[in-house]
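Below is one structure; the comments refer to it alone.
Chains as they are written, first to last, in this note's numbering: chain V, 15 to 471; chain Z, 11 to 191.
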């Protein structure tokens with residue numbers, strides 16, 4: 015029977031499937047960070063269990079850490095304790111760790127791929143919903159809770175029900191002004207924040223094939239925002255080219271064997287999916303959110319729509335139906351996160367910002383997704399473009415995406431952000447968020463209001 | 011091991027919203043805690059501060075154990091802290107039209123019962139729970155039914171494996187450890 019790629023990866027990882035039970039699914043890799051792991055290690059100690067395969071795990075600091083240059087100065091004592099707990103835990107259990115000062119510290123979903131730790135056909139988990147990012151490599155990658163982190167630490171396996179599958183096919187090639195962020199925002203706006211609940215997505219289409227790995231990661235990253243636990247893209251030459259020679263990637267003969275396996279890793283012709291969604295993107299324009307969840311997104315040239323049961327959204331964002339989204343004044347702008355904190359995103363933002371200054375009343379934070387991204391940006395002189403434009407170029411971390419550290423948008427302030435969630439108070443209590451691509455965020459920071467990058471000369 | 015799930019007799023908290031996300035349930039700034047407790051007092055903190063009429067500010071519902079809400083509850087982040095916060099605030103059962111996948115799994119790991127009902131029944135329960143005297147519900151997982159004071163029985167579907175785990179207080183780790191032997 016023909017199978018899709020999701021079914022193929024699933025079946026290769028089922029260790030045990032009893033009738034009326036969830037499957038015991040083997041997990042190849044796990045990523046750890048400071049926020050969702052401390053309680054998992056405590057449980058392991060309480061049960062007197064060991065970590066089954068520490069070599070299949072990597073850990074780093076990202077969520078709650080400062081993005082200032084003096085990184086060890088963590089004012090929040092609880093956050094400091096959390097960082098120290100992770101240091102202690104990885105030492106005790108022998109898990110590879112990328113601490114401050116390491117050339118690979120960064121957001122888990124940025125460093126996993128950079129290290130070549132993320133590989134096609136694998137099952138990958140992390141106590142973070144944006145683990146879907148790793149699907150860009152043709153891996154089955156999904157977020158789990160802290161209890162499940164304990165399960166994977168102890169057994170390298172997890173209990174899972176077989177997910178439904180959905181093919182998302184993008185038709186057409188949009189204009190150059192459109193990025194992967196706009197493409198995924200279009201999907202979420204179309205099917206809604208729970209449109210893919212219970213499903214794992216496979217993305218296909220000419221536009222996807224032409225995308226760089228960075229763009230594919232942006233796309234897969236936000237799969238969770240339409241309710242899918244994971245979204246993936248079959249690996250191809252672009253994937254292999256990206257992975258070759260990365261620290262954890264297979265070498266020499268192992269590489270050649272791996273390539274052969276990976277080349278066969280794709281959906282069979284005539285295979286089936288539980289659902290098939292087709293999105294025409296050939297006339298897509300840059301997208302911006304107006305409300306309090308990622309489905310409340312519109313083209314940048316559009317007016318805010320009248321939607322039923324959205325009073326809370328209009329009230330919170332202080333906007334009204336019929337108002338154009340363009341020219342809404344913003345005070346803050348954020349470029350970074352596991353969605354758009356990679357080198358390609360920084361290049362795009364720098365291209366828009368070059369030769370410009372951001373508006374007087376705007377604060378722009380540019381936060382690289384990892385130490386590697388930061389160093390590459392400096393090598394290319396992007397840091398100087400950001401600083402000259404009046405932005406702050408900071409140290410790697412999750413930063414203003416979820417405001418767990420000191421990087422917060424003040425109450426009542428409006429921020430245009432390359433992150434992934436515009437939930438109430440996500441960027442700080444009382445903050446208002448508009449999600450957009452790095453190009454749109456950079457352009458908006460220059461004008462001090464929501465602006466398309468095409469308007470910047 | 012979790013505490014085995016017993017029959018729950020209690021009143022509902024009608025949270026008449028779709029897409030309640032985990033940032034609403036427990037904002038990220040409270041997640042620097044390294045324990046499994048200390049979250050209940052911050053449950054829905056921003057919504058409580060923003061709106062004095064928010065349901066969790068209403069003293070009438072303060073000690074109620076059954077949360078009744080609509081679609082896609084628990085969407086967003088994978089933080090298990092959302093489940094811990096709800097449980098610490100006394101919630102034992104949630105009745106909704108649907109849940110996000112990760113939240114559903116996290117609830118199962120902690121013995122929080124999530125019941126899925128149709129929009130029609132949710133409408134009715136939200137209306138009854140919002141009435142002056144509320145409505146006393148009996149949640150019986152063994153029988154998979156919700157009993158109302160009028161003697162109505164609302165049957166709900168529940169996964170047999172999860173049911174046995176909840177009733178016996180078993181968690182996934184015991185099953186996994188046995189399976190990989």
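C-beta atoms are modelled at their ideal positions from N, C-alpha and C, and glycine is treated no differently.
Please read all numbers here as calculations on a predicted model, not as lab measurements.
Quickly, what does DSSP pair residue i with across the bridge? List them, please.
i, result
"residue 103 of chain Z", "Z:76 and Z:123"
"residue 183 of chain V", "V:218 and V:292"
"residue 463 of chain V", "V:343"
"residue 24 of chain Z", "Z:78"
"residue 29 of chain V", "None, per the DSSP bridge assignment."
"residue 431 of chain V", "V:348 and V:449"
"residue 245 of chain V", "V:215"
"residue 109 of chain Z", "Z:83"
"residue 23 of chain V", "None, per the DSSP bridge assignment."
Below 8 Å on the Cβ atoms is my contact criterion, and I expect residue i with residue j to pass it. Report the Cβ-Cβ distance as a whole number of Å.
i, j, result
"residue 472 of chain V", "residue 246 of chain V", "Past the edges of chain V, shown from 15 to 471, lies residue 472 of chain V, and the structure says nothing about it."
"residue 2 of chain V", "residue 151 of chain V", "One cannot answer for residue 2 of chain V here, as it falls past the ends of chain V, which runs 15 to 471."
"residue 90 of chain Z", "residue 116 of chain Z", "5 Å"
"residue 275 of chain V", "residue 135 of chain V", "7 Å"
"residue 111 of chain Z", "residue 243 of chain V", "5 Å"
"residue 103 of chain Z", "residue 132 of chain Z", "Between residue 132 of chain Z and residue 103 of chain Z the Cβ distance is about 14 Å, and since that is not below 8 Å, they are no contact."
"residue 234 of chain V", "residue 202 of chain V", "About 13 Å separates the two Cβ atoms, so there is no contact after all."
"residue 171 of chain V", "residue 190 of chain Z", "6 Å"
"residue 96 of chain V", "residue 49 of chain V", "7 Å"
"residue 302 of chain V", "residue 464 of chain V", "6 Å"
With 16 as the cutoff for other CB atoms within 10 Å, does residue i come out buried or exposed?
i, result
"residue 375 of chain V", "exposed"
"residue 256 of chain V", "buried"
"residue 65 of chain V", "buried"
"residue 139 of chain Z", "buried"
"residue 87 of chain V", "exposed"
"residue 59 of chain V", "exposed"
"residue 185 of chain V", "exposed"
"residue 11 of chain Z", "exposed"
"residue 69 of chain Z", "exposed"
"residue 9 of chain V", "With chain V represented from 15 up to 471, any question about residue 9 of chain V goes unanswered, as that position is not in the structure."
"residue 165 of chain Z", "exposed"
"residue 267 of chain V", "exposed"
"residue 19 of chain Z", "exposed"
"residue 282 of chain V", "exposed"
"residue 1 of chain V", "Outside the shown range of chain V (15 to 471) lies residue 1 of chain V, about which nothing can therefore be said."
"residue 271 of chain V", "exposed"
"residue 43 of chain Z", "buried"
"residue 129 of chain Z", "exposed"
"residue 454 of chain V", "buried"
"residue 230 of chain V", "buried"
Is there a Cβ of chain Z sitting closer than 9 Å to that of residue i, yes or no?
i, result
"residue 443 of chain V", "yes"
"residue 208 of chain V", "yes"
"residue 243 of chain V", "yes"
"residue 236 of chain V", "no"
"residue 26 of chain V", "no"
"residue 93 of chain V", "yes"
"residue 437 of chain V", "yes"
"residue 316 of chain V", "no"
"residue 8 of chain V", "Missing from the structure shown is residue 8 of chain V; chain V here goes from 15 to 471 and no further."
"residue 96 of chain V", "yes"
"residue 218 of chain V", "no"
"residue 182 of chain V", "no"
"residue 172 of chain V", "yes"
"residue 288 of chain V", "no"
Hey, is residue i's beta-carbon within less than 9 Å of any beta-carbon in chain V?
i, result
"residue 86 of chain Z", "yes"
"residue 82 of chain Z", "yes"
"residue 171 of chain Z", "yes"
"residue 90 of chain Z", "yes"
"residue 63 of chain Z", "no"
Alpha helix (DSSP H) runs wholly inside the segment 36-113 of chain V, at least 4 long, in chain order: Complete alpha helix (DSSP H) runs here, min 4: 52-60 and 91-107.
Only counting runs of 3 or more residues, tell me where the beta strand (DSSP E) segments fall wholly within the segment 109-196 of chain V, in order along the chain. Scanning the segment 109-196 of chain V for uninterrupted beta strand (DSSP E) segments of 3 residues or longer gives 137-140, 154-157, 171-174 and 178-185, listed from N- to C-terminal end.
Complete runs of the alpha helix (DSSP H) confined to the segment 380-406 of chain V [at least 4 residues]: Within the segment 380-406 of chain V, the complete alpha helix (DSSP H) runs of at least 4 residues are 385-393 and 396-403.
Complete runs of the beta strand (DSSP E) confined to the segment 289-356 of chain V [at least 3 residues]: Within the segment 289-356 of chain V, the complete beta strand (DSSP E) runs of at least 3 residues are 289-294, 301-303, 311-313 and 346-349.
With 8 Å as the limit, tell me which residues of the segment 104-134 of chain Z have their beta carbon closer than that to any beta carbon of chain A; keep them in chain order. Here the protein chains are V and Z, and chain A is not one of them.
At what residue ranges does the segment 128-164 of chain Z contain a whole run of the alpha helix (DSSP H), taking only runs of 4 or more? The qualifying runs are 129-140.
Minimum length 4: unbroken alpha helix (DSSP H) runs contained in the segment 26-69 of chain Z: Runs found: 32-35 and 55-60.
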